[in-house]
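Following: one structure in structure tokens, then a few remarks.
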Amino acid sequence: MNEILILMKSEWVLLLIIIIFLFIKVGSTEWKNENLLYLANILLLINFILGFVLNTDGIIFDEMFKTNSLICLEKNILNLGTLLISLQSYHWLKNHKHVAEFYMLLLSTLLGMFFMISSNNLLMFYLGLELSTIPLAALANFDLHKRQSSEAAFKLIISSALSSGLLLFGISLLYGTSGTLNLSEISQHLNGSNLQLFAFILLLAGFAFKISAVPFHLWTADVYEGSPVAVTSYLSVISKGAVLFVFVSVLYTVFKSLGIAWQNMLILLSVLTMIIGNLFAIRQNNIKRLLAYSSIAQVGFILAGISGCSQLGTTSVIYFILIYVFSNLGAFGVVSIISSTTGKETISDYKGLYKSNPFLSWTITIALFSLAGIPPTAGFFGKFFLIMSAAQNGNYLFISIAALNMVISLYYYLILVKAIFMDKNEQAIEKIHVPILPKIAMLICTAGIIIVGLYGEIYEYIFKLSFGY
Amino acid sequence: MNLSLLILFPLIFALAIPFCNGLKQIRMLAFIGAVIQLLLCFALLYFYSIKRNLGNTSQMVFENNLVWFAPLNINYHVGVDGISIAMILLTAFVVLAGILVSWNEERMSKEFFFLLMLLSVGAYGFFISLDLFTLFFFLEVAVVPKYLLIGIWGSGKKEYSAMKLALMLMAGSALVFVGLLGIYFNTGTFDLIQISQMKLSFEVQKLFFPFAFIGFGIFTALFPFHTWVPDGHSSAPTAASMFLAGISMKLGGYGCLRVATYLMPDAAHYYSSAIILLSTIAIIYGAFATMMQTDLKYINAYSSVSHCGFVLLGIGMLNQTAINGAVMQMVSHGLMTALFFATIGMIYSRTHTRLVSQLGGMLKIMPFISSVFVIAGLCSLGLPGFSGFVAEMTVFMGSWKNSELWYRIATILSCASIVVTAVYILSAIGKVVMGNLENNKFNALKDASWNEKLAAILLILGIVIIGIVPFLLIDLISPGTNWITTKL
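Chains as they are written, first to last, in this note's numbering: chain E, 1428 to 1896; chain G, 17 to 504.
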């Protein structure tokens, strides 16, 4: 009993917070939105801090659920991201009618991701995945008066259902050929038969849907554009990050013996994802769509890193996702505050932003440079190590393509920077008062972007943890 | 002496600038910062020569090696030899002069001086790095500030030029990146000294030399990747042009020498005729393209293409004299072109035109600026007594040592281009300085203010010292170039 309490402590804490919100909602007292939001952020902060204590290794529930220090670290990264998103959406939620529901749904998806990351069994994995997807569709619909928002929710649920179907099909075939669902046992039963390869491809396609790799990316831009900014950032950072964590561990531990087959597949996926993500990003005018395609391109780089298949690969991917949390949320934080105060979301609206809002401009600029991989921001280190991991295979054509894609991506980030700093605008966005909570979130992001890269110990820490996974 | 001070001081001053109020405080702070940098560099030179006089013959001095990313064997490894010290001194001169000529930059002055300081951090860091990762890090640090400097404070089609420059330089560093990874995975380290002691196989060298050389070559206007140079230089504000031409292009030359040629000597021999071909084309093409220009900044930008061709020509000749010449040409061109751009900036800020046809008779109105302009021009065409002559002469002497026909032809053609240089420089100077006064409004213009005079004198001092006592520079750099050529 005690073991269950400690090993699953992140899940318990989350569940507790969800129940607190449930009681607040059904209770007779009406809470003021501000108070509720402060409570929510404090609870999430506590949740984040608790993530650092009592981290033990173990496996329970008939080998269904496992945890170790690497998994705890991954959960902490997700906790941090959720906290940042919650801080940033303060301004948007302040005038929203359903704050308690927002947090209940949000944390349910997070709970699902935790189960998914901790799963040691394909059924458990599937359960966690579904728990993390279905509430997300409800969240995407959270701008209740916008038709686009409902459309986004609908697209999200349908595409998720399709990808879940593919995953399930793959899982069932895998079960049929190996006779087990236990992740630590499947690898012993892999012999590379055609049926198993087919099952693997189905699994890969399911994963590719979730992380929106090309050619399974078509839902991404529409969903990102229609959803509220908070949900968009959640989708692009937390939900993607969680799936990538699982993806890496499944590939590296379960399918290691099929290595050569999936390395080539990943390289192909990665090249397509990078090129198409970048080329489509160039044409966007809506900033959320731009960030959507940029996040597709980022996934391309992550896939490149995964294709390295070594400890360096695991470390670089986790390290990059940590950096990606800071840099993408830094950008989304600014987009969120501007969108919720003025409703403006296109690049041409951002023209001349620097004159009126220097703080917001620098925050988003630093975040964009980090996304583009410009030193001294952390993004540079993240991309460098990802590509370094990819270079282990000695496929230098692939490396060159990846390196040149960094140049293409710089172009559209610089277009946004140009709009902010150089273009003149008659109707520039006026001075925006940034409330304290979003400001804290932005400062954390900026600090993270600068520190995580330059401070090399963090990479070493992840490297030590990821030994053997 | 701790070399990290060279990065730390500019960084501290850069970070302090946002806390200042008003142009006066900001420029004072930037000025003090630049003076400290210059003093620091002289101190470095002093301590370096003491060490060498005491008989220290190690390849690098003042080395400092700190672990950065332990699992990947990436270290923060710094150290200098004579070549780096020459480059560092050049940087300090140009930064100080650049800050002096932008004394009255009133528009967004905080950001302007902040970015200038950040650029100098990148340049210093690059020249002292002995670890390829650190080197690459600082190479890229210097790209984006340039974009912002040109895009915000530039003139003409500044946004186009800024974007072109940023993307081309990024593409250059992407190529360098692939080259470095190739070296890393064949040696297991990024440490420049360690790699130089290992023997990379010829196949590996042959594969990765072009990546590194072309990548760095884009920074130093290697033909046909020079197209960012004219646009970037002419759109940039004065200080940024000085920095771009004076220092930034030298990052490429230094990288070609230190990384590409030094670490992959066999491939350097293999590709040397291609390098010679491209650099000869750059020299001749640059010279002829200059003749057709009407805008003073374009004139200097195209002549930079031509002059940087000599750097690559010297490197491509692969003997010590020629490489000495290449390094000298880097220093000399850095000072000279910075002076040129500074003068053009001074003229432009007064007359608001850079077109040769609209200028004339400046000598009567602005005697000081005009004299400086003449000096810069004469140095550019290689008049004895100035640095340009010594540097180009050394390159030619080195080139002539290669007795193969093909090298001889290249050398003769490059020599001949000096005549073309003389034509365009003399005609531009003649028109601007001596010609008829085109516009009567110009009569009211004032001559240089104290800060502009100081900047010009500083740079001229450098040019003349190298021109008259070149052995100072040669003695400084030849131990470094000796290490490189013994590997060839």
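From the three backbone atoms N, C-alpha and C, an ideal C-beta is built for every residue, glycine too.
Here the structure is a predicted model, which means the values were calculated and not measured.
With a threshold of 7 Å between beta carbons, residue 167/G makes contact with chain E. In the assembly as shown, residue 58/G is an exposed residue. Its beta-carbon has fewer than 16 other beta-carbons within 10 Å.
Beta-bridge pairing by DSSP links residue 145/G to 94/G. If you draw a 10 Å sphere on the C-beta of residue 1488/E, you find fewer than 16 other C-beta atoms in it, and that means exposed. For residue 1460/E, the secondary structure class from DSSP, reduced to helix, strand or coil, is helix. Along the segment 407-437 of chain G, there is no position whose C-beta sits under 8 Å from a C-beta of chain E. For a Cβ distance threshold of 8 Å, residue set 183, 186, 187 and 190 of chain G lies close to residue 1834/E, ordered along the chain.
Looking at the DSSP output, residue 85/G sits in a beta bridge with 90/G. For residue 1646/E, same chain residues with a beta-carbon under 6 Å away, outside a window of 5 residues either side, are 1582 and 1586 in chain order.
Flagged as an interface residue toward chain E: residue 157/G, by a C-beta distance shorter than 7 Å. Contact with chain G is absent for residue 1728/E, since none of that chain's Cβ atoms lies less than 7 Å from the residue's Cβ. In terms of CA proximity to residue 490/G, 346/G leads the group 471/G, 346/G and 392/G. Put simply, the segment 283-294 of chain G does not touch the segment 168-183 of chain G. Fewer than three CB pairs are less than 8 Å apart.
Within the model, the alpha-carbon separation for residue 1535/E versus residue 1811/E is close to 35 Å.
Across the structure, residue 1776/E and residue 1857/E are spaced so that their CA atoms are roughly 11 Å apart.
If you ignore the 5 residues before and after residue 1890/E, its C-beta comes within less than 6 Å of the C-beta of 1742, all in its own chain and listed in chain order. For residue 86/G, a Cβ of chain E is located within less than 7 Å of the residue's own Cβ. Judged by beta-carbon spacing, residue 1515/E lies beyond the 7 Å limit of residue 1802/E, meaning their Cβ atoms are not closer than that value. Sequence-ordered contacts of the segment 1843-1857 of chain E with chain G read 1844, 1845, 1848 and 1849 [C-beta pairs closer than 8 Å]. Residue 93/G sits away from residue 19/G, with the two beta carbons spaced by 7 Å or more. For residue 1826/E, the uninterrupted alpha helix (DSSP H) segment begins and ends at 1823-1848. Nearest to residue 39/G by C-alpha distance, out of 120/G, 112/G and 64/G, is 120/G. When only Cα atoms are considered, residue 326/G and residue 296/G end up about 8 Å apart. A Cβ of chain G is located within less than 7 Å of the beta carbon of residue 1830/E. With respect to chain E, the C-beta atom of residue 194/G has a partner C-beta closer than 7 Å. For the pair of segments examined, the segment 1726-1734 of chain E was found to touch the segment 1687-1702 of chain E: the number of CB pairs separated by less than 8 Å reaches three.
The beta carbon of residue 357/G does not come within 7 Å of any beta carbon belonging to chain E, so the residue lies off that interface. Excluding sequence positions up to five before and after residue 1495/E, its CB lies within less than 7 Å of the CB of 1484, all in the same chain and listed in chain order. Distance from the Cα of residue 1721/E is smallest, within the candidate group 1708/E, 1712/E, 1892/E and 1620/E, for 1708/E. In the three-state reduction of the DSSP assignment, residue 1609/E falls in the strand class. With respect to the C-alpha of residue 1556/E, the residue from 1757/E, 1798/E, 1773/E and 1591/E having the closest C-alpha is 1591/E. Its chain contains 98, 99, 102, 340, 343 and 344 as the residues whose beta carbon lies nearer than 8 Å to that of residue 493/G, once the 5 sequence neighbours on both sides are disregarded; these appear in chain order.
When the beta-carbon positions are compared, residue 475/G and residue 351/G come within less than 7 Å of each other. Within 9 Å of the CB of residue 1892/E, no CB atom of chain G is found; the nearest one sits about 11 Å away. The beta carbon of residue 318/G lies closer than 7 Å to those of 246, 302, 305, 306 and 309 in the same chain, with the five residues before and after it left out.
Between residue 280/G and residue 337/G, the CB-CB gap reaches or exceeds 7 Å.
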